[in-house]
Amino acid sequence: MAIAINRFFHICTKVETKTTLLIAKTLHFIAWCFALLIVLVPSLYGCFKVFSPRLFAYTFACGDCGDLYQQVYTLAGAIIPGSILLIYALIILWIQFRKREISVNYSLTMQCFLITVPALIAPPLFFSMSSWFPGNAYVGIIPMTWTGLAMLANPTVYFVFNDSVKRAMLCLMCRERKVIFGVTDNSKSLTDKRQKIVTLH
Numbered sequence: 005m006a007i008a009i010n011r012f013f014h015i016c017t018k019v020e021t022k023t024t025l026l027i028a029k030t031l032h033f034i035a036w037c038f039a040l041l042i043v044l045v046p047s048l049y050g051c052f053k054v055f056s057p058r059l060f061a062y063t064f065a066c067g068d069c070g071d072l073y074q075q076v077y078t079l080a081g082a083i084i085p086g087s088i089l090l091i092y093a094l095i096i097l098w099i100q101f102r103k104r105e106i107s108v109n110y111s112l113t114m115q116c117f118l119i120t121v122p123a124l125i126a127p128p129l130f131f132s133m134s135s136w137f138p139g140n141a142y143v144g145i146i147p148m149t150w151t152g153l154a155m156l157a158n159p160t161v162y163f164v165f166n167d168s169v170k171r172a173m174l175c176l177m178c179r180e181r182k183v184i185f186g187v188t189d190n191s192k193s194l195t196d197k198r199q200k201i202v203t204l205h
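Taking the numbering used here, I'd label the letters of the sequence shown as residues 5 to 205.
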């Protein structure tokens with residue numbers, strides 16, 4: 005959430021660099037405080053480990069943490085992902101109007117959006133699947149599979165949007181000795197040798 009808001013101010017507004025850095029530090033501080041609050045409250049008040057025979061694993065029962073904590077935790081799991089999606093959607097819409105001027109930012113934002121969306125779908129899917137299919141012992145397989153697929157989004161998007169990585173993978177699969185990240189004298193000499201061989205033939 006803090007990163008998304010920081011990107012929104014950096015891309016969609018004309019805020020000065022010093023102000024952007026101050027906003028980023030403030031948002032990161034709030035994010036750390038919120039994360040510590042979520043972790044410390046159940047650790048100190050009424051959250052205990054419970055073995056679940058149905059899932060054959062340990063879960064955590066936080067029934068004694070209080071209604072306020074449960075409401076905040078539930079709302080955060082729904083509001084924060086939705087807000088992040090909304091912020092990135094606004095960034096993309098704003099960039100669409102000025103994509104000729106800032107095509108690099110558009111590509112970067114699209115990459116972040118494609119990486120973030122699968123990861124943000126996993127928590128709501130995890131909490132909702134058990135209510136959609138009560139009593140089903142295999143219901144946990146779907147969010148676990150989706151989480152695994154979401155982890156592949158980052159390298160996949162990086163491969164699709166980065167030409168250097170594509171050339172490096174192609175070079176690795178073809179087992180050719182090429183210099184991908186810049187032209188050197190060795191690569192030039194190798195090209196000259198190949199041209200000479202073609203000329204002789």
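C-beta: ideal position from N, C-alpha, C; glycine also.
- Message: By the three-class DSSP mapping on this structure, what secondary structure does K18 have?
- Response: As a first step, residue 18 must be located in the sequence shown, where it is residue number 14. Residue state, collapsed to three classes: coil.
- Task: Tell whether a beta-carbon distance below 9 Å holds between I88 and M5.
- Result: Taking the first residue of the sequence shown as 1, we reach residue 88 at position 84. Taking the first residue of the sequence shown as 1, we reach residue 5 at position 1. For the pair I88 and M5, the CB atoms are nearer than the 9 Å cut-off.
- Specify the secondary structure class of R11 as computed by DSSP and reduced to three states. The residue labelled residue 11 in the question sits at position 7 within the sequence shown. DSSP places R11 in helix when its eight states are reduced to three.
- Counting only the same chain and skipping the five closest in sequence on each side, list residues whose C-beta sits under 8 Å from that of L44. In the sequence shown, residue 44 corresponds to position 40, counting from 1. Within the same chain, L44 has no close Cβ partners at all.
- Task: Quick one: measure Cβ to Cβ for A82 and P138, integer angstroms, because I've assumed they're closer than 8 Å.
- Result: Position 78 of the sequence shown, counted from the start, is the residue given in the question as residue 82. Position 134 of the sequence shown, counted from the start, is the residue given in the question as residue 138. About 20 Å; that fails the 8 Å criterion.
- Query: What three-state label does DSSP hand R102 in the structure shown?
  - Reply: Along the sequence shown, read from residue 1 onward, the residue named residue 102 stands at position 98. R102: coil per DSSP, three-state reduction.
- Buried or exposed (CB count within 10 angstroms, at least 16 for buried), Y162: Here residue 162 is taken as the residue at index 158 of the sequence shown, counted from 1. Burial call: exposed.
- Give the secondary structure of S111 by DSSP, where H, G and I count as helix, E and B as strand, and everything else as coil. Here residue 111 refers to the residue found at position 107 of the sequence shown. Looking at S111 - three-state DSSP - the assignment turns out to be helix.
- Message: So, for L94: in the same chain, excluding its five sequence neighbours on each side, which residues have a beta-carbon less than 8 Å away from its beta-carbon?
- Response: In the sequence shown, counting from the first residue as 1, residue 94 sits at position 90. So the qualifying residues of the chain are F12 and C16.
- Query: Near L153, what residues of its chain come up, given a Cβ to Cβ distance below 7 Å and the 5 sequence neighbours on each side ignored?
  - Reply: Within the sequence shown, residue 153 is the residue found at index 149, counting from 1. Closer than 7 Å at Cβ, skipping near neighbours: P122.
- Near L31, which residues of its chain fall below 7 Å by C-beta distance, leaving aside the five closest residues on each side in sequence? Here residue 31 corresponds to residue number 27 of the sequence shown, with the count starting at 1. These residues qualify, in order along the chain: A6, I9 and N10.
- Task: Within the same chain, show all residues whose beta-carbon is closer than 8 Å to that of L118, passing over the 5 residues directly before and after it, in chain order.
- Result: Numbered from 1 along the sequence shown, position 114 holds the residue referred to as residue 118. Excluding the 5 residues flanking it on each side, L118 has same chain C-beta neighbours closer than 8 Å at A157 and V161, in chain order.
- So what does DSSP say about V143, is it helix, strand or coil? As a position in the sequence shown, residue 143 is number 139, starting the count at 1. Here V143 sits in coil by DSSP.
- Going by Cα to Cα distance, which pick from K29, M114, A172 and L176 is closest to W98? Mapped onto the sequence shown, residue 98 falls at position 94. Nearest option by C-alpha distance: M114.
- State the DSSP-derived secondary structure class of P138, mapped to helix, strand or coil. As a first step, residue 138 is located in the sequence shown; it is residue number 134 there, counting from the start. DSSP, read as helix, strand or coil, puts P138 in coil.
- Query: Going by Cα to Cα distance, which pick from A126, V164, F101 and V143 is closest to T151?
  - Reply: Working through the sequence shown from its first residue, we reach residue 151 at position 147. Per the Cα distances, A126.
- Where does the unbroken alpha helix (DSSP H) through L174 begin, and where does it stop? Numbered from 1 along the sequence shown, position 170 holds the residue referred to as residue 174. From DSSP, the alpha helix (DSSP H) with L174 extends over D167 to C178.
- Query: If you drop the 5 nearest sequence neighbours on each side, which residues of the same chain put their C-beta closer than 6 Å to that of K22?
  - Reply: Taking the first residue of the sequence shown as position 1, residue 22 is located at position 18. Excluding sequence neighbours, K22 sits near nothing in its chain.
- Query: Helix or strand or just coil, what does DSSP make of L25?
  - Reply: As a first step, residue 25 is located in the sequence shown; it is residue number 21 there, counting from the start. L25 falls in the helix class under three-state DSSP.
- Message: Going by beta-carbon coordinates alone, are S111 and F165 separated by less than 9 Å?
- Response: Numbered from 1 along the sequence shown, position 107 holds the residue referred to as residue 111. Numbered from 1 along the sequence shown, position 161 holds the residue referred to as residue 165. Result yes, Cβ atoms of S111 and F165 sit closer than 9 Å.
- Test item: CB-CB of L124 and P159 under 9 Å: The sequence position of residue 124 within the sequence shown is 120, counting from 1. The sequence position of residue 159 within the sequence shown is 155, counting from 1. No, the Cβ-Cβ distance between L124 and P159 is not below 9 Å.
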